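Right, one structure below, let's go through it.
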Amino acid sequence: DTGVSQNPRHKITKRGQNVTFRCDPISEHNRLYWYRQTLGQGPEFLTYFQNEAQLEKSRLLSDRFSAERPKGSFSTLEIQRTEQGDSAMYLCASSLVWGTGELFFGEGSRLTVL
Amino acid sequence: AQRVTQPEKLLSVFKGAPVELKCNYSYSGSPELFWYVQYSRQRLQLLLRHISRESIKGFTADLNKGETSFHLKKPFAQEEDSAMYYCALSSPLEYGNKLVFGAGTILRVKS
């Protein structure tokens, strides 16, 4: 098991385009989280899933953002009509419901919106 | 509102010197506190959690509810400790174990 996997690792897009990121969690983990990190800041919570159910969304997650986790396995985070302010590192993490509370992070997907 | 404050952006010490990375939090209750670390070109990973009361890589952290602090300490810094350190909080009363992170402190250990 190589841990949490995210792709693409880097994405450069023009303003107004749509982008999609994928996260493959550790296989037995039933919780999956998305965070966003901008320069000089810590990760900020966006949303999380338990199995296939999206249980919480942050106010940071505008209408242009949508996340899915079909079948409770991998997850996708789509950003529609990207804006320059969306440029950030998007981190995925997974954990067990009845674990220690530790989150296992992926390496992140860096988005640059021109 | 839950908030984690790490007042230092950068902490630079010499090898062998003591290290203290500061973390203060605001939370109306009994939170769970964590320190996560990110070494160069590696992913964010858990260093230690206050519930465990353990020492990891020589680091310890004590939860001080009176001062709402969870400072990370190590008596003798090593060059391999150089990394970005994040303090994080989760609420045991909220379902989901989501973490609220501080802005992070870069620790630079000089030889």
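Just so you know, the protein sequences line up as chains A and B, in that order. Counting from 1, one number per residue, gives the positions in the first sequence under the working numbering. Counting from 1, one number per residue, gives the positions in the second sequence under the working numbering. Idealized CB from N, CA, C, for every residue including glycine. Model, not experiment: these values are computed from the prediction.
Range covered by the beta strand (DSSP E) that runs through residue i
{"i": "A:H10", "result": "H10 to T13"}
{"i": "A:N7", "result": "S5 to N7"}
{"i": "A:T2", "result": "Where A:T2 is concerned, there is no enclosing beta strand (DSSP E), given that its DSSP letter is neither H nor E."}
{"i": "B:N97", "result": "From DSSP, B:N97 is part of no beta strand (DSSP E); its letter is neither H nor E."}
{"i": "A:T112", "result": "S109 to V113"}
Which of helix, strand or coil DSSP assigns to residue i
{"i": "A:K71", "result": "helix"}
{"i": "B:Q78", "result": "coil"}
{"i": "A:Q84", "result": "helix"}
{"i": "A:Q125", "result": "What is shown of chain A runs 1 to 114, which leaves residue 125 of chain A out entirely."}
{"i": "A:Q54", "result": "strand"}
{"i": "A:N18", "result": "coil"}
Chain A contact for residue i (CB, 9 Å cutoff)
{"i": "B:Y39", "result": "no"}
{"i": "B:Q6", "result": "yes"}
{"i": "B:G16", "result": "no"}
Chain B contact residues for residue i, given Cβ-Cβ distances below 9 Å
{"i": "A:P8", "result": "Result: empty, since nearest Cβ-Cβ is about 16 Å, beyond 9 Å."}
7 Å Cβ cut-off: residues of chain B touching residue i
{"i": "A:L103", "result": "L99"}
Residue i: contacting residues in chain B (beta-carbon distance under 8 Å)
{"i": "A:P43", "result": "L44, Y86, L99 and F101"}
{"i": "A:E28", "result": "Per Cβ cutoff of 8 Å: no residues; A:E28 is ~16 Å from chain B at best."}
Where residue i meets chain A, residues with beta-carbon distance less than 8 Å
{"i": "B:S90", "result": "G101"}
{"i": "B:E32", "result": "G101"}
{"i": "B:R49", "result": "T100, G101 and E102"}
Contact list for residue i against chain A, beta-carbon separation under 9 Å
{"i": "B:G96", "result": "R31, Y33, Y48, Q50, L55 and E56"}
### Interfacial residues, the region 83-95 of chain A to chain B, with Cβ spacing under 9 Å
L91, A93 and S95
### Task
Select from the region 66-80 of chain A all residues with a C-beta closer than 8 Å to any C-beta belonging to chain B, and list them in chain order.
none
#### Entry: chain B contacts made by the region 47-61 of chain A, where a contact means CB separation under 8 Å
Y48, Q50, L55 and E56
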